[in-house]
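Trainee: Note that the sequence shown covers residues 1 to 542 in UniProt numbering.
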Amino acid sequence: MALSDYLVTDDLTIILALVAAGLFLLHNLYKPQALVHPILLGRQSDVARVRNPTESAVYRNYGTGMLGRFPLRPTKDQHVLLDLVNPDNDAPRTLWSSKTTNPELRTRVANVGAGLVQLAGLSPQESNVLLLLDDGLEFVIADLALASHSIPSFTLSSLSLLSPVLDSHPPSAIITQASLLPQLLEHIYDSNESNHHTIVVVGDIDSLNLPRLNNVKIMRWEDLERQGTSIEKVTLPTPDPNDVFTVAFYKTPSGALEGVQLTHQNLTAGVAATRALMPPSSPISPLDTIVSAHPLSSPYGRAIAYTALFEGTSFATVDSTKLVGTEDVHTMDGLKDLSTTAAYRISSPTILFVRPAHLKSLCDNILHQATKSSWILTNLAWRHKLSGILEGYITKQSLWDRLVYDSARVKVMGKGAGTVRAVVVSGEPLDAHALTPARIALSVPIINAHSHPRCPSPYPDAASAPASDAYAFMYIAPVGPPLEAGSNPVGELHVRGPSVGRPLSVEVEPEEEELRGWRSTGERAIVAPNGSFKITVRHKTT
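Listed below in structure tokens is the structure:
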């Protein structure tokens, strides 16, 4: 038989061959590029050349460059807090429900600062002020005004810390919400204090039945700001970046009161690190709207808010950040909590800084809605989306998104289904089994960051002391690059870096240079050879 007889084909064979070739090309051309080149995945940490048994690696953010130092500020011009509000950027954006520009914000800061000094009698570098405020524009204005006048502020992670802070660290003045004023006055009355208190109140107090206390002077925020406009503004000396501008109080795992001192440099470094969470190819821009589930009274929450101020984005926080009347973050309905931002006049969010409870609730509801489609279609969609994740890419533009997941996201997230482009999760350990379903449900980059009450930045240097309880970390999601196989040290986590604050309990730094600046977190970690680590918290931290 001649060779030509074997090459005889009919029309069906040609059509099938063309279809197969077309499907092959479509599969390869339609697939997006991987988010990170595989070569980079093993080069994201600074590890000693000689690593002895039980010695841990040091985790470094690969966004700093190859073994580069951590940045101290977003750009060279941000040295103190007010520098993050660039006066040359006059584009309007919405903060909570207030549409404002940077020049308008700086004017309000100057007016409030003048009012606090001239009318409330505060003295730069001598007075201090307790910010007993829920998240809002007044918090930001008061924070900037006090920092500009070198008047440190106090913040509380929980209202339960009010009494111990007032007893052990009495402030020169207090700025508070109207809703918290009765409780504050009751504490002052019950403690029989003879010290004089100046209280600036944000909100309406006419309807409140308040006790009369001879040693308490109450001022309205509106009056303070209005009268501040008529006070002549003097040129203020620029604070030193190493000056402490705030003390953030929180409970330790053992329940004791602890405070961390934060300098201007700590916060600007925290903003630089928060910006680095986004890939260079799609950085935060004024077109974004950031929603945060971390209160401004925490260092990390403050860094997120000031990142939004620096970038010119719209910004809001969810109801669970309030000092009172909120649920436990471990048991709350995360989807319901995220929906509370609808009360603010902001655009649909594009970047979410949330806790694991928010991510779990959001994704569980999306996947539940997706299962209402055809079982076969849903199963095929899951398998194809999972295949893409294993190959290193995530997209919302696939055929399976259009057939299954797009409608499910719209039913759960509303307009946010089409606008959210990144999710940063932190606050508590994240279940490793939740990451893959979340990436399928949302189909956007999900960053698992580690935050701590002593640090505005999610990127400290980290090291662990030796121990042997690695099995406790089996089901916890890693922070940083992927884990590698091998015997990895486990122990207490210590952090240091330009964004790590100094606890009040630390009065003298060690003389040894290699020990200077390291802060214990009270947490335990397992560290991989490439610098990735898993965190577990033995007790609840507030």
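Don't be surprised by glycine CBs; every beta carbon is placed ideally from N, CA and C. Nothing here was measured: the structure is a model prediction, and the numbers come from that model.
1) Return the residue from the list L18, L105 and G522 that minimises the CA-CA distance to F310.
2) Please say whether Q261 and R502 have beta carbons closer to each other than 8 angstroms?
3) Using the beta-carbon count (16 or more within 10 Å), is S127 buried or exposed?
4) Would you please state the rounded distance, in angstroms, between the beta carbons of S153 and T246? I believe it to be under 8 angstroms.
5) Looking only at its own chain, which residues have a Cβ that is under 6 angstroms from the Cβ of K322, when we skip the five neighbours before and after it?
6) Extract the residue ranges of the alpha helix (DSSP H) inside the segment 360–405, only unbroken runs of 4 or more that lie entirely within it.
7) Return yes when the Cβ of P349 is within less than 8 angstroms of the Cβ of G270, no when it is not.
8) Skipping 5 residues on each side, what residues in its chain have a beta carbon closer than 7 angstroms to that of S150?
9) Let me know the secondary structure DSSP gives Q227 once reduced to three states.
10) Is D319 helix, strand or coil by DSSP?
11) State the DSSP-derived secondary structure class of P503, mapped to helix, strand or coil.
12) Under the rule that 16 or more other beta-carbon atoms within 10 Å means buried, what is G65, buried or exposed?
13) For F24, count neighbouring C-beta atoms within 10 Å of its own C-beta (all shown protein chains included) and say buried if the count is 16 or more, exposed if not.
14) Identify which residue in P283, W382 and I351 has its Cα closest to the Cα of I366.
15) Output needed for S157: all residues of its chain with C-beta closer than 8 angstroms, excluding positions within five of it in sequence on either side, in chain order.
16) If you check the beta carbons only, do H535 and L277 fall under 8 angstroms apart?
17) Using the beta-carbon count (16 or more within 10 Å), is residue 547 buried or exposed?
18) Below 8 angstroms on the Cβ atoms is my contact criterion, and I expect R275 with P74 to pass it. Report the Cβ-Cβ distance as a whole number of Å.
19) Does the Cβ-Cβ distance between A308 and I290 come in under 8 angstroms?
20) Would you kindly work out how many angstroms separate the C-alpha atoms of L403 and L82, rounded to a whole number?
21) In terms of residues, what are the limits of the alpha helix (DSSP H) holding R106?
22) What are the boundary residues of the beta strand (DSSP E) that H197 is part of?
23) Please report the distance separating the alpha-carbon of N224 from that of L181.
24) Which residues in the same chain as S468 place their Cβ atom closer than 7 angstroms to its Cβ, once the five residues preceding and following it in sequence are excluded?
25) Check D431 in the structure and name its three-state DSSP category.
26) For S285, which of S148, V318, S160 and R421 has the nearest alpha-carbon?
27) Tell me, which residues are paired with H452 by DSSP?
28) Check F70 in the structure and name its three-state DSSP category.
29) Helix, strand or coil: how does DSSP classify H79 here?
30) Let me check understanding here. Comparing Cα to Cα, which of A293, S374 and R519 lies closest to E428?
31) Compare the beta carbon distance of G388 and T378 with 8 angstroms and say whether it is the shorter of the two.
32) Would you kindly work out how many angstroms separate the C-alpha atoms of M121 and A142, rounded to a whole number?
33) Can you look up L210 in the DSSP assignment and give me helix, strand or coil?
34) Roughly how many whole angstroms lie between the Cα atoms of N214 and A432?
Mentor: The relevant details are as follows:
1) Along the sequence shown, read from residue 1 onward, the residue named residue 310 stands at position 310. Ranking L18, L105 and G522 by Cα distance to F310 puts L105 first.
2) If you number the sequence shown from 1, residue 502 lands on position 502. If you number the sequence shown from 1, residue 261 lands on position 261. In this structure, Q261 lies closer than 8 angstroms to R502 by Cβ.
3) Here residue 127 corresponds to residue number 127 of the sequence shown, with the count starting at 1. Its Cβ being crowded by 16 or more others within 10 Å, S127 is buried.
4) For this step, residue 153 is matched to residue 153 along the sequence shown. For this step, residue 246 is matched to residue 246 along the sequence shown. With a Cβ gap of about 5 angstroms, S153 and T246 count as contacting.
5) Working through the sequence shown from its first residue, we reach residue 322 at position 322. Here the set comprises D134.
6) For the segment 360–405, the full-length alpha helix (DSSP H) segments reaching 4 residues or more read 375–390 along the chain.
7) Sequence index remark: in the sequence shown, residue 270 carries index 270 (1-based). Sequence index remark: in the sequence shown, residue 349 carries index 349 (1-based). No, the pair does not count as a contact, with Cβ atoms beyond the cut-off.
8) As a first step, residue 150 is located in the sequence shown; it is residue number 150 there, counting from the start. Within the same chain, S150 has close Cβ partners P124, Q125, P239 and D243.
9) Residue mapping note: residue 227 aligns to position 227 of the sequence shown, counting from 1. It is helical.
10) Residue mapping note: residue 319 aligns to position 319 of the sequence shown, counting from 1. D319 falls in the helix class under three-state DSSP.
11) For the purposes of this step, residue 503 is identified with residue 503 of the sequence shown, where counting begins at 1. Correct three-state label for P503: strand.
12) Here residue 65 corresponds to residue number 65 of the sequence shown, with the count starting at 1. The predicted model places G65 with a pLDDT of 47, which falls under 50 and marks its position as unreliable, so this point remains unresolved.
13) The sequence position of residue 24 within the sequence shown is 24, counting from 1. Exposed is the call here.
14) Walking along the sequence shown from the start, residue 366 turns up at place 366. Of P283, W382 and I351, the residue nearest in Cα terms is W382.
15) The residue labelled residue 157 in the question sits at position 157 within the sequence shown. Closer than 8 angstroms at Cβ, skipping near neighbours: A248, F249, Y250, K251, P295, S297, S298, P453 and T542.
16) Indexing the sequence shown from 1 puts residue 535 at position 535. Indexing the sequence shown from 1 puts residue 277 at position 277. According to the sequence displayed, residue 535 carries Ile and not His. No, the Cβ-Cβ distance between I535 and L277 is not below 8 angstroms.
17) The requested residue 547 is not part of the displayed model; the chain covers only 1 to 542.
18) Working through the sequence shown from its first residue, we reach residue 275 at position 275. Working through the sequence shown from its first residue, we reach residue 74 at position 74. Their Cβ separation, rounded to whole angstroms, is 6 angstroms, which keeps R275 and P74 in contact under 8 angstroms.
19) Stepping through the sequence shown from its first residue, residue 308 is reached at position 308. Stepping through the sequence shown from its first residue, residue 290 is reached at position 290. Cβ atoms of A308 and I290: closer than 8 angstroms.
20) To locate residue 403, count along the sequence shown from 1; it is residue 403. To locate residue 82, count along the sequence shown from 1; it is residue 82. Going from the Cα of L403 to the Cα of L82 covers about 48 angstroms.
21) The count along the sequence shown starts at 1 and reaches residue 106 at position 106. Where R106 is concerned, the enclosing alpha helix (DSSP H) stretches over N102 to Q118.
22) For this step, residue 197 is matched to residue 197 along the sequence shown. Its beta strand (DSSP E) spans residues H197 to V202.
23) In the sequence shown, counting from the first residue as 1, residue 224 sits at position 224. In the sequence shown, counting from the first residue as 1, residue 181 sits at position 181. The question names Asn, but residue 224 in the sequence shown is Leu. Here the alpha carbons of L181 and L224 stand approximately 17 angstroms from one another.
24) Reading the sequence shown from its first residue, position 468 is the one you call residue 468. Unreliable placement is indicated for S468, whose pLDDT of 43 sits below 50; the coordinate value is still reported in the next sentence. Result list for S468: V490, in chain order.
25) Taking the first residue of the sequence shown as 1, we reach residue 431 at position 431. If DSSP states are grouped into helix, strand and coil, D431 belongs with the strands.
26) If you number the sequence shown from 1, residue 285 lands on position 285. Closest by alpha carbon: R421.
27) Translated into positions along the sequence shown, residue 452 becomes position 452. Paired residue(s): C455.
28) Against the sequence shown, residue 70 aligns to sequence position 70. Coil, per DSSP.
29) As a position in the sequence shown, residue 79 is number 79, starting the count at 1. In this structure, H79 counts as coil in the three-state DSSP scheme.
30) Taking the first residue of the sequence shown as position 1, residue 428 is located at position 428. The shortest C-alpha separation from E428 is found at A293.
31) Sequence index remark: in the sequence shown, residue 388 carries index 388 (1-based). Sequence index remark: in the sequence shown, residue 378 carries index 378 (1-based). Contact flag unset, no.
32) For the purposes of this step, residue 121 is taken as residue 121 along the sequence shown, with counting starting at 1. For the purposes of this step, residue 142 is taken as residue 142 along the sequence shown, with counting starting at 1. Per the sequence shown, the amino acid found at residue 121 is Gly instead of Met. The alpha-carbon atoms of G121 and A142 are separated by roughly 15 angstroms.
33) Indexing the sequence shown from 1 puts residue 210 at position 210. Here L210 sits in coil by DSSP.
34) Start at 1 with the first residue of the sequence shown, and residue 214 comes out as number 214. Start at 1 with the first residue of the sequence shown, and residue 432 comes out as number 432. Rounded to whole angstroms, N214 to A432 spans 57 angstroms at the Cα level.
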